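Each remark here refers to the structure printed beneath this line.
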Amino acid sequence: MPGDEYLVAPGGIRIAADRFYHRDHYWILPDSPQPGHCRIGLSAYACRPGIEVYFVEHLPSPGSQVRAGELLAVIETEKGVVSIHSPFDCQVLAVNRAVLEDPNCIGFDAYGVWILELRMPTAPQLLSPAEYLQYLRSLPPPQCFPAGKK
Numbered sequence: 029m030p031g032d033e034y035l036v037a038p039g040g041i042r043i044a045a046d047r048f049y050h051r052d053h054y055w056i057l058p059d060s061p062q063p064g065h066c067r068i069g070l071s072a073y074a075c076r077p078g079i080e081v082y083f084v085e086h087l088p089s090p091g092s093q094v095r096a097g098e099l100l101a102v103i104e105t106e107k108g109v110v111s112i113h114s115p116f117d118c119q120v121l122a123v124n125r126a127v128l129e130d131p132n133c134i135g136f137d138a139y140g141v142w143i144l145e146l147r148m149p150t151a152p153q154l155l156s157p158a159e160y161l162q163y164l165r166s167l168p169p170p171q172c173f174p175a176g177k178k
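In this text, residue positions in the sequence shown follow our numbering: the first is 29, and each later residue adds one.
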């Protein structure tokens, strides 16, 4: 499992300390797998262990240019649907084919399974792990997805 350091939110939800977060409950791991790139995936708040993931779709093709706010992915689970929108202008570099072939792998390892690899701007406006923890503390206990995402 990547990174061994975690913050723990209410309900025992782990927050990996080696990445940044968006309020829509996805993470960005910068400089992965190389400088200037990042990988994006769902946080443990968005997809609790053992939740069945039915599909991942609407992934842009590698080479696609995506503007901030545009749709990057839609993930459907037994608890609801979550959409990931790009937090910044970027270029899609790779799609994790393992996620398309077996979407359930997201539910088994939220921080080890990435969905897309992007070319990342130098200073994205995202939450640090501590800021994300504070944000989670302000929310009601999780069901799988926050209210409004079902």
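Positions of the beta carbon are idealized from the N, C-alpha and C atoms, including for glycine. In this text the structure is predicted, and so the values were computed from the model without any measurement.
Cβ pair count under 8 Å reaching 3, the segment 50-59 against the segment 33-42: no
Separation of Ser71 from Ile79, as counted between CA atoms: Along the sequence shown, one-based indexing puts residue 79 at 51. Along the sequence shown, one-based indexing puts residue 71 at 43. Their backbone Cα atoms lie some 13 Å apart in a straight line.
Under 7 Å between C-beta atoms of Pro131 and Val84: One-based indexing of the sequence shown puts residue 131 at position 103. One-based indexing of the sequence shown puts residue 84 at position 56. Yes; because the gap between Cβ atoms is below 7 Å, this pair is in contact.
Coarse secondary structure for Asp46, derived from DSSP in three states: Here the question's residue 46 lines up with position 18 in the sequence shown. Of the three classes helix, strand and coil, the one that applies to Asp46 here is coil, per DSSP.
Buried versus exposed call for Ala74 [16 or more other C-beta atoms within 10 Å across all chains shown]: Position 46 of the sequence shown, counted from the start, is the residue given in the question as residue 74. It counts as buried.
Contacts around Arg42, its chain only, beta-carbon distance under 7 Å, and the 5 residues preceding and following it disregarded: Here residue 42 is taken as the residue at index 14 of the sequence shown, counted from 1. So the list reads Tyr34, Val36, Ala72, once near-sequence residues are dropped.
First and last residue of the uninterrupted beta strand (DSSP E) at Leu57: Residue 57 sits at position 29 when you count from the first residue of the sequence shown. 54-58 is the span of the beta strand (DSSP E), which, as asked, contains Leu57.
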